[in-house]
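In terms of numbering that gives the first Met the number 0, the sequence shown opens at residue 0 and continues consecutively.
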Amino acid sequence: MKIMLARSSGFCFGVKNAVDQAIQRAHDRTDDQPVFMLGELIHNQAVLDELTALGLRTAADLDGVEAGSTVIIRAHGAAPDVMQALEAKNCRVVDCTCPYVAKIHRIVRQAWLAGKGIIIAGMHGHAEVEGINGECAGVGVILDSAFAAENSRFCAREWILVAQTTFSFAEYQKIRHILEKKIAKLQIFDTICITTEDRQKEACAIARQADLMLVIGSKSSSNTQKLLAICQGQCGWTYLIEDAGQLGSIVGERSLRNLTVGITAGASTPERIIREVIQAMTEQEVTQNKQEIQEENLQSVQEEVRETAEQTMQQETCANAEVEAEPANAEVGTDVTAQGEQADPSAQEQTPEEAASVSESAPAEEAPTEAAAKAADTDSVDEDEESMDSGDISFTDFIDNIPQLKRGITVRGTIIRYDNEHVYVDVRDKSEGRIPRHEFDGDPDFDLDEAVASHKELDVYVRNIRNSDMGKEIVLSKARVDFTKYKGLIEEAFNNKTPINVKVVNVVKDGVIASYGGVDIYVHRTQLEMGIVEDLEPYRGQTLDILVTQYDPDKKRLRVSGSRRALISLERRAKAEELWETIEVGNEYDGIVRSLTDFGAFVDIGGVDGLVHVSELSWNRIRHPSEVVNVGDEVRVRVKDFDPERKRISLGYKKAEDDPYHDVESRFPVGSIVRGTVVRMFPFGAFVEIAPGVDALCHISQIANVRLNKPNEVLSEGMEVDARVLEVSNDTRRISISIKEVEPINPPGYEDEHF
0 MKIMLARSSG FCFGVKNAVD QAIQRAHDRT DDQPVFMLGE LIHNQAVLDE
50 LTALGLRTAA DLDGVEAGST VIIRAHGAAP DVMQALEAKN CRVVDCTCPY
100 VAKIHRIVRQ AWLAGKGIII AGMHGHAEVE GINGECAGVG VILDSAFAAE
150 NSRFCAREWI LVAQTTFSFA EYQKIRHILE KKIAKLQIFD TICITTEDRQ
200 KEACAIARQA DLMLVIGSKS SSNTQKLLAI CQGQCGWTYL IEDAGQLGSI
250 VGERSLRNLT VGITAGASTP ERIIREVIQA MTEQEVTQNK QEIQEENLQS
300 VQEEVRETAE QTMQQETCAN AEVEAEPANA EVGTDVTAQG EQADPSAQEQ
350 TPEEAASVSE SAPAEEAPTE AAAKAADTDS VDEDEESMDS GDISFTDFID
400 NIPQLKRGIT VRGTIIRYDN EHVYVDVRDK SEGRIPRHEF DGDPDFDLDE
450 AVASHKELDV YVRNIRNSDM GKEIVLSKAR VDFTKYKGLI EEAFNNKTPI
500 NVKVVNVVKD GVIASYGGVD IYVHRTQLEM GIVEDLEPYR GQTLDILVTQ
550 YDPDKKRLRV SGSRRALISL ERRAKAEELW ETIEVGNEYD GIVRSLTDFG
600 AFVDIGGVDG LVHVSELSWN RIRHPSEVVN VGDEVRVRVK DFDPERKRIS
650 LGYKKAEDDP YHDVESRFPV GSIVRGTVVR MFPFGAFVEI APGVDALCHI
700 SQIANVRLNK PNEVLSEGME VDARVLEVSN DTRRISISIK EVEPINPPGY
750 EDEHF
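Structure below.
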């Protein structure tokens with residue numbers, strides 16, 4: 000089977016942003032401020048169920064929104080009157096409107112205010128179309144097809160044409176061509192999302208090559224329905240599915256071995272569901288292949304049994320022919336009896352019942368031979384039992400302890416050797432079992448050399464047993480046993496809410512895949528840190544402590560999700576409680592810069608984020624906090640003020656000893672001569688930097704001997720001057736200087752007029 004997956008499948012930017020924001024708000028919410036999703040945030044019931052499980056609530060309309068709550072606006076956007084109504088309810092709005100949709104809103108609003116008519120190509124009643132139409136008071140003309148455009152009439156005025164971002168690209172081209180002929184003054188905007196356009200083109204190309212085409216998404220999703228229609232036009236075997244559970248009825252008993260399967264997904268389909276569909280298809284193919292192999296093996300075994308039976312019958316026929324050909328004389332019987340007596344004298348001692356049995360079942364001349372053979376067999380067994388009884392275990396126990404190998408059971412084995420491809424295990428069978436070498440690569444603590452030297456025992460799962468010309472092939476698995484073991488540990492951790500330590504083994508579109516004893520655990524990007532993580536690659540190979548937040552032992556595939564954020568949140572709450580009990584003004588803490596804004600930096604001081612205002616970051620003038628600190632920097636801060644009720648802390652970062660104005664009275668005493676550079680000029684004077692970070696003001700009257708209108712008549716920025724200190728104060732952090740008391744700078748021609 001060949002699977003062709005569209006690269007543009009799954010969440011688009013707008014939907015992904017809305018889901019990420021919703022998850023973050025769910026974790027940040029408090030009991031006294033509920034979080035509502037206005038309408039279905041995403042056209043995918045599985046995702047909506049997950050968000051609901053996190054504590055989010057869905058409001059079908061404004062009536063369902065509580066006053067003072069937090070409201071998430073979905074990627075489809077909302078009409079202006081909806082936003083105004085939320086503001087009137089004193090709601091905190093989290094606007095997740097897709098940037099492409101927001102652009103259409105601006106276009107329509109500006110055109111409406113300019114008196115132009117509005118035409119919207121889109122589906123009637125769709126949330127995005129309703130929001131766009133709200134920008135023109137709901138009077139826009141909505142066209143859902145070329146047929147509607149052909150049968151619509153437009154008055155003589157200026158019009159604009161926009162399209163729903165997920166509208167069919169081909170249908171939009173037909174509509175614009177029709178309207179260009181009908182409307183003289185028509186301005187057309189290409190507002191279909193480029194991702195939607197690429198998704199539709201890619202789906203069409205894949206469906207053209209596929210034997211089976213799967214469109215993953217919700218029936219209520221507009222863009223998914225358009226993908227379905229496009230694919231159905233190219234591939235007769237096209238189906239819409241919402242998850243992997245619907246594959247059974249579609250694939251049925253059809254063979255997948257030589258099939259080309261195309262897969263695309265709507266913008267509301269999470270990557271997790273796409274992966275599950277691919278996994279289910281792969282497992283279905285493997286199951287079919289196994290069944291075909293088993294049928295072939297069964298046929299081979301039946302032929303082998305038939306051949307063996309035929310050979311046995313031929314041997315018996317030959318043996319009977321030889322017995323009939325032997326001369327039945329007394330000498331032969333006597334010799335056999337004599338040999339029997341030498342082998343075991345007790346062979347002559349027969350009970351009447353045994354004698355009667357022998358006489359009835361065989362001719363008289365053959366009785367001594369059979370009696371001797373029975374006696375020999377009995378003695379052999381007795382000797383073996385005595386030798387085994389003299390050891391640690393009995394012969395019977397030894398026989399019982401030999402594992403009866405069959406497919407699907409777990410047995411105990413001993414590692415005996417390994418090569419580049421397999422690890423060989425003695426499972427007390429004539430043939431060795433083998434485990435793929437890669438099953439040991441994921442466990443760095445497992446030393447194969449030491450295991451071979453110490454004959455390490457381990458439990459293994461029998462995956463397959465196959466007879467071949469080279470002997471019996473026994474395929475084993477260590478990973479299957481580990482999976483069962485760690486699956487139980489994960490379930491226990493989930494029920495007890497205890498953390499587990501996992502290793503990140505892969506990075507996917509919206510998160511990472513971590514492994515716990517071979518069991519994959521999905522961690523969404525919003526669950527790695529307290530904030531949303533953009534770059535996931537640095538997490539590859541890391542070990543993390545997480546809490547198991549979802550454990551679904553589905554019959555077909557185990558689903559496990561985890562959260563590092565939840566664990567960090569618990570730790571932060573414990574630290575925060577301790578901090579609020581001991582915090583005082585002046586306390587110093589070692590913190591980590593978590594985020595930067597234009598007005599300052601937020602620093603985590605142990606479970607609580609405090610704000611360092613931009614003015615508290617440096618003694619010098621800075622435009623942005625990034626000039627001093629970066630996210631992730633470790634800094635030493637002190638508490639300037641705090642409010643326990645509002646949970647706010649004001650922090651200071653700059654140190655008094657670093658203040659360039661520190662002890663300026665002794666450094667620049669009154670009457671001293673200083674040299675500096677003109678850095679800024681104002682109508683009332685000029686500021687001269689006399690030391691790094693120390694500016695002194697020279698009033699306009701202290702520059703020249705003549706009255707100046709502006710300082711720039713004689714000064715310029717960057718010009719070096721000498722001046723005398725007139726006033727200085729540590730408290731006010733001010734220094735006044737006079738240039739003219741050292742050497743006045745007069746305007747040109749002043750000397751000629753006065754001398």
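The beta-carbon is built from N, C-alpha and C at its ideal position, and this holds for glycine as well.
- Counting other Cβ atoms within 10 Å of its Cβ, Ser665 stays below 16 and is therefore classed as exposed.
- In this structure, the straight-line span from the alpha carbon of Ala279 to that of Gly244 is close to 9 Å.
- Bounds of the alpha helix (DSSP H) holding Val250 are 246-250.
- Classified as buried, Gly76 has 16 or more neighbouring CB atoms from the shown chains inside 10 Å of its CB.
- The shortest C-alpha to C-alpha distance from Ala59 to any of Ala52, Phe35, Leu650 is the one to Phe35.
- If you draw a straight line from the Cα of Ala450 to the Cα of Ile277, it comes to about 37 Å.
- When His125, Met529, Pro98, Ser671 are compared, the shortest CA-CA separation from Ala565 is found for Met529.
- Here the segment 709-720 makes contact with the segment 680-688; the two share three or more CB pairs at distances below 8 Å.
- Taking the CA atoms as reference points, Ile734 sits about 12 Å from His661.
- Straight through space, the alpha carbons of Leu178 and Leu226 are spaced by roughly 25 Å.
- Within the segment 602-651, the complete beta strand (DSSP E) segments at least 3 residues long are 608-612, 633-642, 647-651, listed from N- to C-terminus.
- Under the DSSP assignment, Cys697 falls outside any alpha helix (DSSP H), being part of the beta strand (DSSP E) whose first and last residues are 693-698.
- No Cβ-Cβ contact shorter than 7 Å links Met82 with Leu255.
- Its chain contains Ser430 as the residues whose beta carbon lies nearer than 6 Å to that of Lys471, once the 5 sequence neighbours on both sides are disregarded; these appear in chain order.
- In this structure, the straight-line span from the alpha carbon of Asp608 to that of Thr57 is close to 30 Å.
- In this structure, DSSP gives His176 a helical state, which the three-state scheme calls helix.
- Put simply, the segment 102-117 touches the segment 183-190. At least three CB pairs are less than 8 Å apart.
- Going by DSSP, Trp236 is part of no beta strand (DSSP E) at all; its letter is neither H nor E.
- Just measuring C-alpha positions, the residue of Cys95, Cys97, Ile72, Thr96 sitting nearest Leu85 is Ile72.
- No Cβ-Cβ contact shorter than 7 Å links Gly130 with Ala87.
- Restricting attention to Asp143, Ile672, Lys115, the CA atom closest to the CA of Phe153 is found in Lys115.
- Within the model, the alpha-carbon separation for Ile567 versus Gly517 is close to 24 Å.
- The residue from Val70, Glu536, Gly631, Gly432 with its alpha-carbon nearest to that of Asp603 is Gly631.
- Cα atoms of Val214 and Arg556: separation of roughly 21 Å, rounded to the nearest angstrom.
- With a cutoff of 7 Å on beta-carbon distance, Ile738 and Val727 are scored as not near each other.
- For Leu475, same chain residues with a beta-carbon under 8 Å away, outside a window of 5 residues either side, are Gly412, Val424, Val426, Gly432, Arg433, Ile434, Val459, Tyr460, Val461, Arg462 in chain order.
- Residue pairing of Gln186 in beta bridges, as defined by DSSP: Ile159.
- In the structure shown, Ala5 adopts coil according to DSSP, grouped into three states.
- The C-beta distance from Ile464 to Ile499 rounds to 35 Å, too long to meet the 8 Å contact threshold.
- Using a C-beta cut-off of 8 Å, the segment 132-151 makes contact with the segment 162-175, since at least three inter-stretch Cβ pairs fall below that distance.
- Beta-bridge partners assigned by DSSP to Asp589: Arg635.
- Around the CB of Ile249, fewer than 16 other CB atoms lie within 10 Å, so the residue is classed as exposed.
- When Asn745, Ala452, Gly684 are compared, the shortest CA-CA separation from Glu716 is found for Gly684.
- Of the residues assessed, Ile621 falls on the exposed side of the cut-off, its CB having fewer than 16 other CB atoms within 10 angstroms.
- By the neighbour-count criterion, in which 16 or more other beta carbons inside 10 Å mark a residue as buried, Arg479 falls on the buried side.
- Scanning its chain for C-beta atoms nearer than 8 Å, with the 5 sequence neighbours on each side dropped, one finds around Leu488 the residues Ile499, Tyr515, Gly516, in chain order.
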